Each structure stands twice: as structure tokens, then as C-alpha cells.
Amino acid sequence: MPTLSKTDIVYYLAASIDGYIAKSNGDVDWLAPYFIPELGFHDFIEEIGTVAMGRATFEKILSFGQWPYSGKPGVIVTHRPLPGFDADLAQASGSSADIASALAAAGPGPYWLVGGAQLAGQLLADRMITRIDHFIIPEIIGEGIPALFLQRHMPMDLIGTQTFSNGVVCLSYKPRASIT
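Written out as C-alpha cells, the structure is:
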């Protein structure tokens, strides 16, 4: 994978061949068998300075029991108050300008956009995401939560590929500098 800079906002995600990050009910258990050390997830987490996510992603992560990003500051994009929580979390209202300010104040980059699909679409549309690392999981789940919601054309440039022994492929993209 290309090296990250301290200002990068990376949408690092796993999705089925048909483009879903979760089943319709939010279930992500189907991903678990594919997370092998070879994918480099733990190295990626070490490289990240701050995590960011929407409220639904935050609540899904909390449903697993333990906050997996201890020691990393985070920004939760929501209009509702955050529950009392023993982590270094800030809240952003949802505008891209507010999110950018919250990220800068929360902690160092690079920044990992953990999810969700609407937030990813918004930040892509506003050209805040600098890289997408899209791990394609060799399953078709038929329906579910799409990888992102973006209702416009956005050309991307391929900056890296990796193929793994378990059939997972990672495609790394950056938004094209100019749309022609």
C-alpha cells in the first residue's frame, strides 16, 4: 500500500463483491473469516492517528462490547448527544466544515473514516477523502448496506493493488485531481 501522510483521510473498508459493507440487518459476521494477518489491518491501525465515523457505525461498534480503538482519538458525526463513554471522542454535527474542524482538533492524522456509507459519500463529494483502500471480500451477499452513497460521478485513479491468499483483493484509489 502507498504510504499515508499526516493529512490523509482514508476510507479503508471491506465490502462484498456486490458492494455491500454489511447485510441489511447490519450484520458483519460474514467478514470475520477473511481478516487474516496478511491483510495488514493491525499495521494500518498502528499508522492511523484518529478515527472518524457516523453514529450508526459508532453504535454498531459499541454493540460488539469493547471499544477497539483505545488510545486513538475519535470523531463521531451525529446530531444526537454521545453517551457517556471512556474514550477520547469528539462530536461533529455533520457539515464537512465541522467535520474537518473536529478532526483537526481531535488529534493527529492520518485519519481513518471507519464508516458509514452516507458519511463516506459526503466526504468524497466534498473532496475530503484522499484515499480509498477497498478490500473486496470474495462473497456475494445479495443485499445490504452499500459501501457508499454518492449520487454523482467521481473519477478515481488506481494507486495500488494487492491480492491475498484468502481471495481478498485490495484496490487503492485516490480521487482524480481534475474531472475531465
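For reference, each letter of the sequence shown is one residue, going 93 to 272 in our numbering. By construction, the Cβ of each residue, glycine as well, lies at the ideal position given by its N, Cα and C atoms. It should be emphasised that the depicted structure is a prediction, and the values quoted were computed from it without experimental measurement.
Beta-carbon contacts of residue i that lie in its chain and below 6 angstroms, excluding the five residues immediately before and after
i      : result
Gly199 : Gly141, Thr142 and Pro165
Asp110 : Ile232
Leu211 : Gly146 and Val169
Ile128 : Asn258
Option in the options with minimal Cα separation from residue i
i      : options                           : result
Phe241 : Phe156, Gly207, Gly118 and Ala196 : Gly207
His171 : Ala144, Gly163, Trp159 and Ala184 : Ala184
Ala209 : Ala107, Glu138, Val167 and Asp190 : Ala107
Val261 : Asp180, Asn117, Lys98 and Gly132  : Gly132
Arg223 : Lys98, Val102 and Leu96           : Val102
Ala337 : Leu211, Ser187, Leu205 and Leu181 : Residue 337 is absent from the structure shown; the chain starts at 93 and stops at 272.
His134 : Thr149, Pro160 and Phe150         : Pro160
Ala192 : Gly259, Pro173 and Ile168         : Ile168
Thr255 : Ile137, Tyr126, Arg244 and Ser187 : Tyr126
Ile113 : Thr149, Ile137 and Ile128         : Thr149
Asn117 : Asp249, Gly234 and Met248         : Gly234
According to DSSP, residues forming a beta bridge with residue i
i      : result
Phe227 : Ala106 and Cys262
Trp204 : Val102 and Val143
Pro267 : Met248
Gln254 : Cys262
Proximity of residue i and residue j at Cβ, strictly below 8 angstroms
i      : j      : result
Ile221 : Pro267 : yes
Gly236 : Lys115 : yes
Ala124 : Leu205 : no
Ser264 : Glu130 : no
Leu105 : Ala239 : yes
Lys98  : Gly201 : yes
Gly252 : Pro230 : no
Leu174 : Glu139 : no
Tyr203 : Asp121 : no
8 angstroms Cβ cutoff, residue i in contact with chain E
i      : result
Val143 : Absent from the structure is chain E; it holds one protein chain and no more.
Own chain residues within Cβ distance below 7 angstroms of residue i, not counting five before or after
i      : result
Ala189 : none
Gly186 : Val169 and His171
Asp225 : Met93, Val102, Tyr104, Cys262 and Ser264
Ile136 : Correcting the residue type first, residue 136 is Phe in the shown sequence and not Ile. Closer than 7 angstroms at the Cβ level, and outside the excluded window around Phe136, lie Tyr104.
Asp249 : Tyr265, Lys266 and Arg268
Gln163 : One point to set straight first is that residue 163 is Gly, not Gln, in the sequence displayed. Hits under 7 angstroms: none found.
Own chain residues within Cβ distance below 8 angstroms of residue i, not counting five before or after
i      : result
Arg219 : Pro267
*Looking at C-beta atoms only, is the number of pairs between the segment 151-161 and the segment 210-217 that lie closer than 8 angstroms three or more?*
Short answer: they don't touch.
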